[in-house]
Amino acid sequence: MYDIPGERRPSAKVAAFLGRRHRLLIDGAWTDPLNRGEIAVFDPATEDQIATVAAGEAADVDLAVAAARRAFEAGPWRRMSGATRAKLIWRLADLLIENADEIAELETYDNGKPMHDTRAVDLPVASELLRYFAGWATKLNGISTSIGDPGEYQAF
1 MYDIPGERRP
11 SAKVAAFLGR
21 RHRLLIDGAW
31 TDPLNRGEIA
41 VFDPATEDQI
51 ATVAAGEAAD
61 VDLAVAAARR
71 AFEAGPWRRM
81 SGATRAKLIW
91 RLADLLIENA
101 DEIAELETYD
111 NGKPMHDTRA
121 VDLPVASELL
131 RYFAGWATKL
141 NGISTSIGDP
151 GEYQAF
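Quick note on numbering: the working numbering labels position 89 of the sequence shown as 89, and the sequence is numbered without any gaps.
And the structure:
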């Protein structure tokens with residue numbers, strides 16, 4: 001499907017994704033950028049426009065940063081146990097693999113990288129990295145433990 005020039009057609013799921021309206025996710029809600037700007041997205045292999053995405057600018061970034069700060073200060077993630085965080089990050093890794101075909105296809109259309117590379121390398125590596133970092137969610141707790149003479153060595 002991807003090796004024959006002129007015969008690239010997205011799968012139904014990818015075509016549906018590319019055809020939808022792509023907005024900014026700020027404070028848990030999909031919103032239009034304040035300036036209503038858009039950016040055309042092109043398939044580098046064919047130079048065909050494949051999508052249009054919202055063009056956020058500084059004011060949109062300020063809103064997103066303020067929302068992220070509120071979420072950090074008062075949202076559930078901060079109060080969540082390390083084990084619960086780990087399970088959520090692990091689930092994200094699972095979702096990458098469960099949706100690897102569509103994600104690899106999107107990456108091929110978006111940046112021209114061979115689908116095989118994204119499917120066989122990038123997504124499995126990304127999933128494994130998420131699993132690795134999920135493990136740290138149960139290890140990092142802000143407590144220092146002395147492992148030698150007082151004040152000489154610390155383990156975090």
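Where a beta carbon is used, it is the ideal one built from N, C-alpha and C, also for glycine.
Item	Value
C-alpha gap between Asp60 and Gly37, whole angstroms	11 Å
Cβ-heavy atom distance, Ala104 to the ligand FAD, below 7 Å	As for the ligand FAD, it is missing from this structure, which has no ligand bound.
Per-residue burial, Glu56 [other beta carbons within 10 Å of its own, 16 or more giving buried]	The amino acid occupying residue 56 in the given sequence is Gly; Glu does not appear at that position. So Gly56 counts as buried.
Straight-line Cα distance separating Val53 from Ala66	22 Å
Own chain partners of Ala51 with C-beta closer than 6 Å, once the 5 adjacent residues on each side are dropped	Leu18, Val41
Three-state secondary structure (DSSP) of Ala84	Per the sequence presented here, residue 84 reads as Thr, with Ala not at that position. Helix, per DSSP.
Contact between the segment 133-142 and the segment 101-121 (3+ Cβ pairs under 8 Å)	no
Proximity to Val45 [Cα-Cα], best of Leu123, Ala100, Arg8	The residue asked about is misnamed: residue 45 is Ala in this sequence, not Val. Of Leu123, Ala100, Arg8, the residue nearest in Cα terms is Arg8.
Residue environment, Gln154, which counts as buried when at least 16 other CB atoms sit within 10 Å	Low confidence applies to Gln154: its pLDDT is 49, below 50, so where it sits in the model is not reliable enough to give any reading.
Neighbourhood of Tyr2 by C-beta, 8 Å cutoff - its chain only, sequence neighbours within 5 removed	With a pLDDT of 44 at Tyr2, under the threshold of 50, the predicted position of this residue should be treated as unreliable, and no value is reported.
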